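Down below is the structure, laid out as structure tokens.
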Amino acid sequence: MGASESTEFDKPWRETPWEPFFNRNRELLEKNLRELKLSDSNVKYVRILLAGAVGAGKSSFINSVNSVFQGQITTEALADTVSGTSFTKTYRTYCIRNGQSFLPFVFNDIMGLESGDSQGADPEDIAKALEGLLKEGYNFNPTDSAKKGGYRSKPSKSENLTHCLVYVIAADKVSMMNQEIFKKIKYIREKASELEIPQAVIMTRVDEACPLVQNNLRKIYTSKKIKEKMQECSNSVGVPVSHIFPVKNYHEEIDTQNDTDVLILRALTQIVHIADDLLNKRKSESKKGCFLCCC
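Here the working numbering runs 69 ahead of the position in the sequence shown, where the first position is 1.
Now the structure itself:
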């Protein structure tokens, strides 16, 4: 048995529309997201909160999504792969431009999680972000005595609420992640579950975790290593494999590439649908509540 045979499945275990002859090819994936209509017409966008360890690729994922829709490499969300500490210090919302308007989803980037009580983002702050209680520009610095000034007493509107919590985890680092970080993630996960906020995982750096994928991105769903890493993410975070989406962020390229775009668009499509399901649920519950009150 050759090395490639021992590290690959006989066929992909998750279908991916790489080629134009697929019904759901890259252009259709992008078109569907550009033309997406949310379940609640009174809400302009669903809010996707990204959380994860320092260096996992939260900001890079936002840039990669933006690059896909702009057709060129963008770096609006500043990222740092050198310092080893979180480059993101404030709570910020990122919209994705769609011509003269914006797409119906936004991302919230936050400070990365680190081991130690006095380092990285405070899980309590992330819990408040889930409820829409952090103001734009909130400073995550744990030594900032003016932190409370960045809190809202209640969300100003439903759009400030989080519709999907996405953990960003590096495939090549998940085995080495500090247990203190997983403890913080568990706390955040419990808070999100209490609020009935759906959760997913973006698994980045797949090319760094698997030589097969590094040589050919289309082997991502035949790679036994990648499936192993996805299962490891599921076991560690508590998110089912069906809600884990491996991607390759743009980080050294100067042009966008079809295969990278397809993975990002597929992941984004699933996440936006998960978020819209919650929006639809909240809308239905609101109508039901009004009906019961009227009775």
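Backbone N, C-alpha and C fix where the C-beta goes; we use that ideal spot for every residue, glycine too.
These numbers come from a predicted model, not from an experiment.
Out of the options, point me to the one whose CA is closest to residue i's CA.
i    : options                   : result
Q248 : K197, N304 and K113       : N304
A122 : I313, V243, I340 and L107 : V243
I165 : Y114, S184 and Y207       : Y114
K127 : N208, P192 and Y163       : Y163
K252 : N132, F138 and E193       : E193
I250 : C302, H232 and A344       : C302
Y160 : S170, N327 and L199       : L199
I131 : T273, S353, D346 and L347 : T273
From which residue to which residue does the beta strand (DSSP E) around residue i run?
i    : result
F176 : S170 to D178
A120 : V115 to A120
L234 : C233 to A239
In angstroms, rounded to a whole number, what distance separates the CA positions of residue i and residue j?
i    : j    : result
K158 : A120 : 13 angstroms
Q300 : E96  : 30 angstroms
G307 : S110 : 32 angstroms
E145 : T325 : 16 angstroms
E321 : S355 : 46 angstroms
G206 : Q283 : 37 angstroms
N349 : E228 : 13 angstroms
L234 : A261 : 7 angstroms
G168 : T76  : 43 angstroms
E183 : K294 : 26 angstroms
S106 : V134 : Per the sequence shown, residue 106 should be read as Lys rather than Ser. Between K106 and V134, the C-alpha separation is close to 19 angstroms.
L172 : R351 : 21 angstroms
E99  : D178 : 22 angstroms
C364 : V175 : Bear in mind that the predicted position of C364 carries a pLDDT of just 39, short of 50, making it unreliable; the figure below should be weighed with that in mind. In a straight line, the C-alpha of C364 is about 37 angstroms away from that of V175.
G140 : E88  : 18 angstroms
Y220 : A240 : 34 angstroms
N94  : N210 : 43 angstroms
Determine the extent of the alpha helix (DSSP H) in which residue i is found, giving its start and end residues.
i    : result
F78  : Segment: none, F78 is in no alpha helix (DSSP H) and carries neither H nor E.
M245 : From DSSP, M245 is part of no alpha helix (DSSP H); its letter is neither H nor E.
P267 : Note, P267: premise wrong, no alpha helix (DSSP H); not H, not E.
S133 : K127 to Q139
N285 : No alpha helix (DSSP H) holds N285; DSSP gives it neither H nor E.
How about residue i and residue j: are their beta carbons less than 8 angstroms apart?
i    : j    : result
V270 : I333 : no
G189 : G181 : yes
I238 : A125 : yes
I289 : V310 : no
A278 : K296 : no
I117 : I323 : no
L102 : V331 : no
T85  : R335 : yes
L286 : T338 : no
T231 : K80  : no
N318 : S129 : yes
So for residue i, helix, strand or coil by DSSP?
i    : result
N92  : With a pLDDT of 47 at N92, under the threshold of 50, the modelled position of this residue cannot be trusted; read the value that follows with caution. The answer is coil: DSSP assigns N92 none of H, G, I, E or B.
L348 : helix
S292 : strand
F360 : Because the pLDDT at F360 is just 44, under 50, the model does not fix this residue reliably, and the value given afterwards should be weighed accordingly. Reduced to three states, the DSSP call for F360 is helix.
R161 : strand
P309 : coil
P47  : The structure shown does not extend to residue 47, since the chain is modelled only from 70 through 364, so no value can be given for it.
P86  : coil
N208 : strand
L230 : coil
T338 : helix
I271 : strand
Y319 : coil
R166 : strand
L199 : helix
L182 : strand
T154 : Its pLDDT being 49, under 50, T154 is placed unreliably in this model, and the value from its coordinates should be taken loosely. Here T154 sits in coil by DSSP.
Measuring from the CB of residue i, is there a heavy atom of the ligand HEM at a distance below 7 angstroms?
i    : result
I266 : With respect to the ligand HEM, the structure shown offers nothing to examine, as it has no ligands at all.
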